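S.K.: In this note's numbering, the protein residues as written are 216 to 372.
If you want it as structure tokens, here you go:
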């Protein structure tokens with residue numbers, strides 16, 4: 216029973232919590248891989264789907280093609296970003312290139328952003344509304360994420 220309660224507290228949609236994000240990549244909490252755009256700047260005012268993953272995580276490697284497909288299907292509606300947790304970001308960039316991850320890639324070596332957004336394990340998908348508030352936590356792209364995205368897109372706040 217306790218395991219079920221713990222799982223429900225980590226995965227789910229519809230609950231809101233304080234998820235304000237770091238305001239600059241230079242604050243040491245998150246580093247952008249290529250174009251220097253801070254995470255908060257990239258998602259500002261947009262619905263965002265954040266994929267937390269790691270190169271050592273086999274389930275992450277299996278789920279990434281779903282995220283790549285989802286990003287392509289929704290590229291005009293929202294922003295998708297990948298966040299590699301832990302160290303080994305050079306390896307993560309190489310893997311992202313091989314996997315066709317055409318969306319922005321960030322590093323979270325100290326787990327600051329993943330902790331702030333409630334991504335307590337990988338793989339993890341977090342849907343953020345236009346205010347940057349987490350409205351859904353899931354383990355992969357699924358119908359729950361799709362519903363949360365539709366709800367966030369239809370909301371004007």
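Just so it is clear, CB atoms sit at the ideal spot from N, CA and C, and this is done for glycine as well. Computed from a predicted structure; not experimentally measured.
Suppose only complete runs of 4+ residues qualify. What are the alpha helix (DSSP H) ranges in the region 316-342, listed by chain order?
M.R.: Whole alpha helix (DSSP H) segments, 4+ residues: 327-331.
S.K.: Can the beta-carbon of residue 361 be found closer than 8 Å to that of residue 281?
M.R.: No, they are not a contact pair.
S.K.: Where does residue 232 sit, in a helix, a strand or coil, going by DSSP?
M.R.: Legend: pLDDT at residue 232 = 44, less than 50; position of this residue unreliable, value from coordinates given subsequently. Residue state, collapsed to three classes: coil.
S.K.: Where does residue 287 land, buried or exposed, given buried means 16+ other C-beta within 10 angstroms?
M.R.: Residue 287 should be labelled exposed.
S.K.: For residue 284, tell me which candidate among 336, 316, 265 has the shortest Cα-Cα distance.
M.R.: Closest by alpha carbon: 316.
S.K.: Run through DSSP, which three-state label would residue 349 get?
M.R.: Looking at residue 349 - three-state DSSP - the assignment turns out to be strand.
S.K.: Looking at the structure shown, is residue 259 part of a helix, part of a strand, or coil, going by DSSP?
M.R.: Of the three classes helix, strand and coil, the one that applies to residue 259 here is coil, per DSSP.
S.K.: Does the Cβ of residue 277 have 16 or more other Cβ atoms within 10 Å, making it buried, or fewer, making it exposed?
M.R.: Burial call: exposed.
S.K.: Taking the CB atoms as reference points, tell me whether residue 323 and residue 295 lie closer together than 8 Å.
M.R.: Taking 8 Å as the Cβ cut-off, residue 323 and residue 295 do not qualify as a contacting pair.
S.K.: Please work out which residues of its chain come closer than 6 Å, Cβ to Cβ, to residue 370, disregarding the five sequence neighbours upstream and downstream, and give them in chain order.
M.R.: Here the set comprises nothing.
S.K.: Measuring alpha carbon to alpha carbon, tell me which residue in 289, 308, 298, 353 is nearest residue 326.
M.R.: Checked all of 289, 308, 298, 353; the closest Cα to residue 326 is 298.
S.K.: Between the C-alpha atoms of residue 332 and residue 293, what's the straight-line distance to the nearest angstrom?
M.R.: Going by the C-alpha atoms only, they are around 18 Å apart.
S.K.: Excluding five sequence neighbours on each side, which residues of the same chain lie with their C-beta closer than 7 Å to the C-beta of residue 301?
M.R.: So the qualifying residues of the chain are 269, 324.
S.K.: If we count the other Cβ atoms within 10 Å of its Cβ and call it buried at 16 or more, is residue 309 buried or exposed?
M.R.: Exposed.
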